[in-house]
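Numbering (the numbering used here), first residue to last: 1 to 135.
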Amino acid sequence: MSLFYYFLLRKNWLLWLIPFVLGSLLIQYLWLPETVKDFNPFGLSVTQSLIVIYALLYYYKSLEGDADFLFVNAGVLMYFMASILFFSTTDWIQNLELPFLIRAIFNSINDVLYFIFLTLILIEWFKNFRRKKMV
């Protein structure tokens with residue numbers, strides 16, 4: 001996703017940010033090897049927060065004029081923001097010992113948002129890359 005937004009935004013600082021984030025995650029995995037096997041809310045929050053920031057920057061850039069991939073960007077922004085909220089609080093929600101129905105509702109909301117995200121990608125693909133029929 002970072003390379004996708006690099007090609008959309010054309011900002012050189014993105015090329016420096018990608019190795020920095022990957023390096024910091026590598027340091028975390030080397031320092032705390034159990035995070036490789038376990039759920040890592042820190043890594044998830046950092047990577048998805050960056051993608052949300054990229055999406056917001058792309059919306060800001062799209063105000064200047066012509067913009068492609070707005071449906072994809074809307075899906076990224078919607079799904080990843082909700083995903084940050086859901087997955088960064090997973091440990092906290094599990095410690096609350098909520099009833100199964102409440103946890104199932106959280107999972108269903110995430111599934112619906114993911115479906116909307118994929119649908120927006122499909123719409124964008126259909127709009128830009130489908131083969132046009134010659135009449």
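In this text, a Cβ means the ideal position worked out from N, Cα and C, and glycines have one as well.
All values derive from a computational prediction rather than experimental measurement.
With contacts defined by Cβ atoms closer than 8 angstroms, N128 and D38 do not form a contacting pair. Contact check between the segment 71-86 and the segment 106-114: three or more CB pairs, one atom from each, fall below 8 angstroms, which counts as touching.
The segment 5-33 contains, as complete alpha helix (DSSP H) runs of 4+ residues, the segments 13-31 (chain order).
Taking the Cα of I109 as reference, the smallest distance to any Cα among Q48, F87 and S45 is reached at F87. T90: member of the alpha helix (DSSP H) spanning T90 to N95, first to last residue.
Excluding sequence positions up to five before and after S45, its CB lies within less than 7 angstroms of the CB of I84 and S88, all in the same chain and listed in chain order. The beta carbon of G65 sits closer than 7 angstroms to none of the beta carbons in its chain outside the five residues before and after it.
Buried is the label assigned to G75, since at least 16 other Cβ atoms lie within 10 Å of its Cβ. The alpha-carbon of Q28 is positioned some 10 angstroms away from that of F42.
The DSSP assignment places no complete run of the beta strand (DSSP E) inside the segment 46-130 (cut-off: 3 residues).
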